[in-house]
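If you're matching positions, the sequence shown starts at 31 in this note's numbering and goes up one per residue.
One structure is given here, and the rest of the page talks about it.
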Amino acid sequence: MSIIKADFGVEKRMAARRLRSLLSLSALHEANVRANPVPYLERASERIYQLEKALFEAAQAARPCEDEGGGKDRREVEPVTIEKSEYLRLLACRDIVETALKQIACEDADAEF
(Lines of atoms letter the chains of each structure in order from A and count residues from 1; the text may use other names and numbers.)
(Lines give C-alpha, C1' and ligand atoms only; values in the text may rest on other atoms or scores of the structure.)
Protein backbone atom coordinates (compact mmCIF):
# COMPACT_ATOMS: atom_id res chain seq x y z
CA MET A 1 0.00 0.00 0.00
CA SER A 2 1.37 3.41 -0.91
CA ILE A 3 0.82 6.72 0.77
CA ILE A 4 0.04 9.74 -1.34
CA LYS A 5 1.76 12.87 -0.14
CA ALA A 6 -0.29 16.03 -0.24
CA ASP A 7 0.50 19.30 1.43
CA PHE A 8 -2.96 20.87 0.90
CA GLY A 9 -1.46 24.31 0.27
CA VAL A 10 0.88 24.28 3.27
CA GLU A 11 3.71 25.86 1.29
CA LYS A 12 1.53 28.76 0.15
CA ARG A 13 0.20 29.30 3.67
CA MET A 14 3.72 29.24 5.11
CA ALA A 15 4.91 31.76 2.51
CA ALA A 16 1.97 34.04 3.29
CA ARG A 17 2.59 33.66 7.02
CA ARG A 18 6.28 34.46 6.59
CA LEU A 19 5.53 37.59 4.54
CA ARG A 20 2.95 38.65 7.11
CA SER A 21 5.42 38.22 9.97
CA LEU A 22 8.21 40.03 8.10
CA LEU A 23 5.87 42.98 7.53
CA SER A 24 4.79 42.89 11.20
CA LEU A 25 1.13 42.40 10.31
CA SER A 26 -1.51 40.78 12.49
CA ALA A 27 -2.85 37.30 11.77
CA LEU A 28 -6.00 38.86 10.32
CA HIS A 29 -4.03 39.88 7.22
CA GLU A 30 -2.95 36.34 6.33
CA ALA A 31 -5.99 35.55 4.18
CA ASN A 32 -5.65 38.90 2.41
CA VAL A 33 -1.98 38.21 1.70
CA ARG A 34 -2.94 34.98 -0.04
CA ALA A 35 -5.87 36.52 -1.91
CA ASN A 36 -4.16 39.70 -3.10
CA PRO A 37 -0.41 39.85 -2.39
CA VAL A 38 0.36 42.91 -4.57
CA PRO A 39 -0.26 45.62 -1.92
CA TYR A 40 1.75 43.64 0.60
CA LEU A 41 4.62 43.18 -1.86
CA GLU A 42 4.55 46.92 -2.52
CA ARG A 43 4.69 47.53 1.22
CA ALA A 44 7.65 45.15 1.48
CA SER A 45 9.39 46.90 -1.40
CA GLU A 46 8.89 50.29 0.28
CA ARG A 47 10.24 48.92 3.55
CA ILE A 48 13.33 47.55 1.79
CA TYR A 49 13.85 50.94 0.14
CA GLN A 50 13.58 52.73 3.50
CA LEU A 51 16.09 50.33 5.09
CA GLU A 52 18.54 50.78 2.21
CA LYS A 53 18.12 54.55 2.47
CA ALA A 54 18.80 54.47 6.22
CA LEU A 55 21.85 52.29 5.62
CA PHE A 56 23.19 54.71 3.01
CA GLU A 57 22.57 57.70 5.30
CA ALA A 58 24.39 55.93 8.14
CA ALA A 59 27.36 55.31 5.86
CA GLN A 60 27.36 58.96 4.78
CA ALA A 61 27.24 60.12 8.41
CA ALA A 62 30.18 57.88 9.34
CA ARG A 63 32.43 59.35 6.66
CA PRO A 64 34.44 62.45 7.52
CA CYS A 65 33.28 65.67 5.91
CA GLU A 66 35.45 67.19 3.22
CA ASP A 67 35.30 70.45 5.16
CA GLU A 68 36.10 68.78 8.50
CA GLY A 69 36.13 71.97 10.53
CA GLY A 70 32.94 73.35 9.05
CA GLY A 71 34.85 76.31 7.62
CA LYS A 72 36.28 77.20 11.02
CA ASP A 73 39.88 77.72 11.95
CA ARG A 74 41.55 74.58 13.34
CA ARG A 75 42.04 76.37 16.67
CA GLU A 76 38.28 76.82 17.07
CA VAL A 77 37.55 73.09 16.78
CA GLU A 78 37.01 71.51 20.20
CA PRO A 79 38.57 68.12 20.88
CA VAL A 80 36.31 65.35 22.16
CA THR A 81 37.46 62.60 24.51
CA ILE A 82 35.82 59.18 24.38
CA GLU A 83 36.74 55.79 25.73
CA LYS A 84 38.69 53.45 23.50
CA SER A 85 35.99 50.77 23.71
CA GLU A 86 33.36 53.24 22.51
CA TYR A 87 35.57 54.26 19.59
CA LEU A 88 36.13 50.60 18.68
CA ARG A 89 32.36 50.01 18.74
CA LEU A 90 31.92 52.98 16.41
CA LEU A 91 34.51 51.56 14.02
CA ALA A 92 32.83 48.14 14.15
CA CYS A 93 29.45 49.70 13.35
CA ARG A 94 30.96 51.63 10.47
CA ASP A 95 32.50 48.43 9.09
CA ILE A 96 29.15 46.63 9.32
CA VAL A 97 27.40 49.44 7.45
CA GLU A 98 30.09 49.57 4.75
CA THR A 99 29.96 45.78 4.31
CA ALA A 100 26.17 45.87 3.99
CA LEU A 101 26.36 48.63 1.37
CA LYS A 102 28.94 46.65 -0.62
CA GLN A 103 26.71 43.58 -0.45
CA ILE A 104 23.72 45.58 -1.72
CA ALA A 105 25.84 46.99 -4.56
CA CYS A 106 26.98 43.47 -5.53
CA GLU A 107 23.40 42.18 -5.50
CA ASP A 108 22.27 45.11 -7.65
CA ALA A 109 25.12 44.48 -10.10
CA ASP A 110 24.23 40.77 -10.28
CA ALA A 111 20.57 41.60 -10.88
CA GLU A 112 21.46 43.77 -13.89
CA PHE A 113 23.07 40.89 -15.76
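The beta-carbon is built from N, C-alpha and C at its ideal position, and this holds for glycine as well.
Here the structure is a predicted model, which is why all the values come from computation and not from measurement.
Handout entry: Cβ-based burial, Ala46 [other Cβ within 10 Å; buried from 16]
Key = buried
Practice task
With DSSP as the reference, label Ile78 as helix, strand or coil.
Solution key: helix
Practice task
Please report how far the alpha carbon of Leu131 lies from the alpha carbon of Arg124, in whole angstroms.
Solution key: Going by the C-alpha atoms only, they are around 11 Å apart.
Handout entry: Check whether Leu53 and Arg73 have beta carbons under 8 Å apart
Key = Yes, the pair counts as a contact, with Cβ atoms nearer than the cut-off.
Handout entry: Cα-Cα separation, Pro69 to Ile33
Key = 39 Å
Handout entry: Rounded C-alpha distance that separates Asp138 from Ile112
Key = 38 Å
Handout entry: Between the CA atoms of Phe38 and Ile126 - distance to the nearest angstrom
Key = 42 Å
Practice task
Could you tell me whether the Cβ atoms of Ala91 and Glu128 are closer together than 8 Å?
Solution key: no
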